[in-house]
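S.K.: Take a look at this one; I'll ask things after.
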Amino acid sequence: MKNNFKLSTFDILLEIVSLLLIIAIWFYVCFNYASLPSEIPMHFSVLGKVDSLSDKSSLFILLGIITFLYVLFSVLNFIPFKKKYLKYNYINISEQKGREIYELTVKKLRIEKVFVIGFLAIITYSVMNSQDLHWLIILSLPLILIFIEAFYLIKIVSSDTEKK
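As structure tokens, then:
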């Protein structure tokens, strides 16, 4: 899967940060696993209070989910832009505009990947340290993702109106 675009310095930085987060999560869990109690918090209420305990081995399910999401976001980022995508749109978009939207979407996915993995790293840390999650942390991921979506949607729409 060869991408048609060169990665910017910011894109490379985002990829490095997300990879380092994954590596750090795995190392943290592996090095501290033996010292964990046999039961750890595995589910939090909307208010961030622990409402379910589970065997510490279930922590590897969380790591599997985090790793799966990392791989999924990474694969999505490297799906190449193809002109044939333009024939499936229901509005008239030029090839150049299609490429601009594609570049912005890929950048948005990279940013979201860092936030999602960072959020899950915080959850993993809280689980391992038997800490409640502050309700603000739980609320932050959806709000951040909504902000990122809105920012890039506005950017796409405004770049279209500037050229008219």
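Going by this note's numbering, 134 is the number at position 143 of the sequence shown; the sequence numbering is gapless.
C-beta: ideal position from N, C-alpha, C; glycine also.
(1) Which ranges would you report for the beta strand (DSSP E) in the stretch 5 to 92 if only whole runs of at least 3 residues count?
(2) Please name the residue in K(-3), S85, K40 and I14 whose C-alpha comes closest to that of V118.
(3) Could you tell me whether the stretch 101 to 108 touches the stretch 25 to 38, using the rule of 3 or more Cβ pairs below 8 Å?
(4) Would the beta-carbon of D2 fall within 7 Å of that of R90?
(5) Whether or not the stretch 39 to 58 and the stretch 120 to 127 are in contact is what I'm after, with contact meaning three or more pairs of Cβ atoms, one per stretch, closer than 8 Å; do they touch?
(6) Taking all protein chains shown into account, do 16 or more other C-beta atoms lie within 10 angstroms of the C-beta of L11, making it buried, or fewer, making it exposed?
(7) So the candidates are E140, F64, I52 and T115; which of them puts its Cα closest to the Cα of N23?
(8) Nearest-angstrom Cα distance between L144 and I13?
(9) Y61: which of I16, I147 and Q87 sits nearest, CA to CA?
(10) Please report how far the alpha carbon of E94 lies from the alpha carbon of S9, in whole angstroms.
(11) Could you check whether L63 and K47 sit closer than 7 Å to each other, using their CB atoms as the reference points?
(12) Beta-carbon within less than 6 Å of F135's beta-carbon, same chain only, minus the 5 sequence neighbours each way: which residues are those?
(13) Straight-line CA distance for K(-3) to I92?
M.R.: On the basis of the data shown:
(1) 30 to 35 and 41 to 46
(2) K40
(3) no
(4) no
(5) yes
(6) exposed
(7) T115
(8) 28 Å
(9) I16
(10) 19 Å
(11) no
(12) According to the sequence provided, residue 135 is Ile. The question's Phe does not apply to it. Excluding positions up to five away in sequence, the list reads F106.
(13) 15 Å
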